[in-house]
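Quick note on the working numbering: the sequence shown kicks off at 213 and runs consecutively.
No residue lacks a Cβ here, since even glycine has one placed at the ideal position from N, Cα and C.
Please read all numbers here as calculations on a predicted model, not as lab measurements.
Notes to accompany the following structure.
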Amino acid sequence: MERGHKRDAILKEKFWFRKDVQKDSADEWVELTLDEILHGKVLRYFY
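What follows is the structure, given as structure tokens:
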């Protein structure tokens, strides 16, 4: 909870969020920015 209380945490910090929010899913967690939580994580591939 300390991350959420820091100044500009919404722009600079990452938060733990369930990978799949359906209740039947496995209990897996990932660290994401708030932008990734709201808009989806962008996969960046460099060929």
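> Do Lys226 and Thr245 have their C-beta atoms closer together than 8 Å?
Replying inline: yes
**Q.** Anticipated Cβ contact below 8 Å, Arg215 with Ala221, distance rounded
**A.** 6 Å
Can you tell me which residues form a DSSP beta bridge with Lys226? Thr245
N- and C-terminal bounds of the alpha helix (DSSP H) containing Arg215: 214-217
* To do: Pick out whichever of Val233, Asp236, Glu243 has its Cα sitting closest to the Cα of Lys224.
  => Glu243
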